[in-house]
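Novice: Take this structure, written in structure tokens, and hold onto it; I'll ask about it next.
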Amino acid sequence: MARQYLDEVFKLLEHGDPFDAAEKVWAAVKHATIALTMRVLGEAVPPKGVSWRSFIKEAFMKAGLSEGEASRWAAYFIDARSRLHGDCFYGLTYEEEEHKPLMEEAREYINLIDEILRKIEQRHGESSTR
Numbered sequence: 001m002a003r004q005y006l007d008e009v010f011k012l013l014e015h016g017d018p019f020d021a022a023e024k025v026w027a028a029v030k031h032a033t034i035a036l037t038m039r040v041l042g043e044a045v046p047p048k049g050v051s052w053r054s055f056i057k058e059a060f061m062k063a064g065l066s067e068g069e070a071s072r073w074a075a076y077f078i079d080a081r082s083r084l085h086g087d088c089f090y091g092l093t094y095e096e097e098e099h100k101p102l103m104e105e106a107r108e109y110i111n112l113i114d115e116i117l118r119k120i121e122q123r124h125g126e127s128s129t130r
């Protein structure tokens, strides 16, 4: 699902619709993140009292990323939520130099999560055949 949203982003930008493009990026990031947290932590949303940043950082760390990498990608999620979903889509504010790099970084974020999920699946498959 995340890839489908991501595929639409740059088409929307080409057609002069940065607001819907921003929302598609947010949808892609959110779907990928939920896939990660469900697989690694068994939960789609953080437990009461736990911030999204901490929740996502924990998922990335349990998936094998260093604390620094996990912090970076948790911060990316927060930026996408705040700046793309909030400021750009709902606030109708699009500044190419501020928002487009976040949109482009989504591809790296989605690729990372896809790679993590593939590795987990491979390990799970290997352990279940032993």
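Here this note's numbering is used: the first residue of the sequence shown is 1, the next is one more, and so on. Beta carbons: idealized from backbone N, C-alpha and C, even for Gly. Keep in mind it's a predicted model, so treat the numbers as computed, not measured.
1) Please report the residue range of the alpha helix (DSSP H) in which residue 1 lies.
2) Could you check the C-alpha separation between residue 18 and residue 92 for me, to the nearest Å?
3) CB-CB under 8 Å to residue 120, same chain, minus the five flanking residues each way: which ones, in chain order?
4) Determine the contact status of residue 22 and residue 103, defining contact as a CB-CB distance below 8 Å.
5) Per DSSP, what kind of secondary structure is residue 17 in: helix, strand or coil?
6) Which residues bound the alpha helix (DSSP H) around residue 185?
Specialist: By the coordinates alone:
1) Membership of residue 1 in any alpha helix (DSSP H) is not indicated, and neither H nor E is assigned to it by DSSP.
2) If I take the Cα positions, the gap works out to 9 Å.
3) Result list for residue 120: 39, 40 and 63, in chain order.
4) Yes.
5) In this structure, residue 17 counts as coil in the three-state DSSP scheme.
6) What is shown of the chain runs 1 to 130, which leaves residue 185 out entirely.
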